[in-house]
Structure formats: C-alpha cells, structure tokens
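Participant: A single structure is presented below for examination.
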Amino acid sequence: MTEEDKTYFIKTGTFSSKFQYHNARCTEPLEMGEYFQVINNFAMEVGAGMSVDIVAREYIEDVEENPTIYNGMPLRTEYRTFVDFDTNEVIGTAPYWHPVLLKNHLKRMSDEQMRRDYLTYLSQEEKLNYEYNKHVNKLQKEISKLIENIDLEGQYSIDIMKNGEDFYIIDMALMSDSALTEFINTEGFVK
Numbered sequence: 001m002t003e004e005d006k007t008y009f010i011k012t013g014t015f016s017s018k019f020q021y022h023n024a025r026c027t028e029p030l031e032m033g034e035y036f037q038v039i040n041n042f043a044m045e046v047g048a049g050m051s052v053d054i055v056a057r058e059y060i061e062d063v064e065e066n067p068t069i070y071n072g073m074p075l076r077t078e079y080r081t082f083v084d085f086d087t088n089e090v091i092g093t094a095p096y097w098h099p100v101l102l103k104n105h106l107k108r109m110s111d112e113q114m115r116r117d118y119l120t121y122l123s124q125e126e127k128l129n130y131e132y133n134k135h136v137n138k139l140q141k142e143i144s145k146l147i148e149n150i151d152l153e154g155q156y157s158i159d160i161m162k163n164g165e166d167f168y169i170i171d172m173a174l175m176s177d178s179a180l181t182e183f184i185n186t187e188g189f190v191k
C-alpha cells in the first residue's frame, strides 16, 4: 500500500473534530491542509483554541461495521483512562461515550442529523455499556503496565478505542484539559 492509498485521521494538536467527522478523515495527503483548516476553524468557534499543530495517524477501519454518528464516525466502544505519571497509577476510567452526557447532548440538539445520532446512540447504548464493562478492568491493568515505562510527569487522559478484539490508544491529553473527569469511576464499571 502506498502513502496515496492510505486513509488518515487528522486533528489539531488540541482538538479532534468528532462532531464534523467527515473533515477528520481524509484519503489523500494533499487534502490534509484544507481539512486541517476546517477543523481548526471549528475548534476556535467552540472555544477549543487555535493550534498550528497537525496530528495525523492511519485511520483504523471499523471491523465491526458499527452504525455511525457525527457525520460518519463509527460508534465504537471507547474508554478514557486517567493516569498519574508521577505515581505511575491509573486514577480511573470513564466510558468515552458516557450515557448521561451523550444522551443529554444529543437530545437537546435541534437539527435532524443530531436527532438521528441520538436514536443511533440509543440503539447501541446497551452494547457499548456491555463491552465497556466487559473489558475495563483488563484495560486498566494493561495501561498500568504501560505507563511504568513512559517518562512523563503529571496527570493525563488516555483514550482507547475497541475495534473487534483489538484496542488502540488513539489520543492523550492533560487531565486538566480533559472532559469526563466528573465521571471517573475507580471501579471501572458503568452503573
């Protein structure tokens, strides 16, 4: 596979455009500059700041054929694990698609696409929570082993995506800049 045949996921150094997912996925390196500008402009509109950094990674195709939300993003099971690199400890984990937060967000949106996304989420909520609960303890143990060998300081969030039987670290951020801290469950499970 040549570089021209790959599909990429792009974001700024501080913002991923999940709400406009069609701008975060590109198939040609030449598209990246234009898509980056759109993502960066949207980030500024919602108060997420401007960044001159572009992050590109190979797009991970959805092997589970999940339904999509946010203009094309597969609704996969995702985890946000909070870690403390000073103590090399996992603080806790929250579901990236937290039921309370996501339902409240989608339910109050007025456009037709968001209403469809709300119905899509409702149809997948049980599956997402089941998979989250099934894997969260093992995932926290693996992250605990992983962070022992990383030379960082402070507290971070690490986003992990499930794709079939595989798990991918897809993002990291300072914990102080991360959403979902109010949903950290040190026991891991969604109740």
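Residue numbers (full-length UniProt numbering): 1 to 191.
For every residue, glycine included, the Cβ atom is placed at its ideal position computed from N, Cα and C.
1) Note the first and the last residue of the continuous alpha helix (DSSP H) segment covering VAL100.
2) Hey, could you find the ends of the beta strand (DSSP E) ILE143 is sitting in?
3) Any idea if TYR8 is buried or exposed, counting beta-carbon neighbours within 10 angstroms, 16 or more meaning buried?
4) To which residues does DSSP link residue 192 through a beta bridge?
5) Would the stretch 168-177 and the stretch 100-112 be scored as touching if the rule is three or more Cβ pairs under 8 Å?
6) I need the DSSP call for GLU153, collapsed to helix, strand or coil.
7) Give, in chain order, every unbroken run of the beta strand (DSSP E) that is at least 3 residues long and sits entirely within the stretch 50-80.
8) Contact check, THR87 vs VAL136 under 8 Å by CB: the rounded distance?
9) Closer than 6 Å by C-beta to SER157: which residues in its own chain qualify, once you throw out the five before and the five after it? Chain order, please.
10) Below 6 Å CB to CB, which residues in the same chain sit around residue 242 once its five sequence neighbours on both sides are set aside?
11) Quick one: using the 10 Å Cβ neighbour count with 16 as the cut-off for buried, is ARG115 buried or exposed?
12) To the nearest angstrom, how far is the alpha carbon of PRO95 from that of ASN71?
13) Could you say which of ILE147, LEU139 and THR181 lies nearest to residue 212 if we only look at CA atoms?
14) Identify which residue in ASN163, ASP5 and ILE150 has its Cα closest to the Cα of LEU75.
Facilitator: The short version:
1) 99-107
2) Element bounds for ILE143: not the beta strand (DSSP E) but the alpha helix (DSSP H), 112-147.
3) buried
4) No answer is possible for residue 192: it lies beyond the span of the chain, which begins at 1 and ends at 191.
5) no
6) coil
7) 54-58
8) About 20 Å separates the two Cβ atoms, so there is no contact after all.
9) ARG80, PHE82, ALA173, MET175 and SER178
10) Nothing about residue 242 can be read from this structure; the chain reaches only from 1 to 191.
11) exposed
12) For the pair PRO95 and ASN71, the Cα-to-Cα distance works out to about 21 Å.
13) The requested residue 212 does not occur in the structure, where the chain is confined to residues 1 to 191.
14) ASN163
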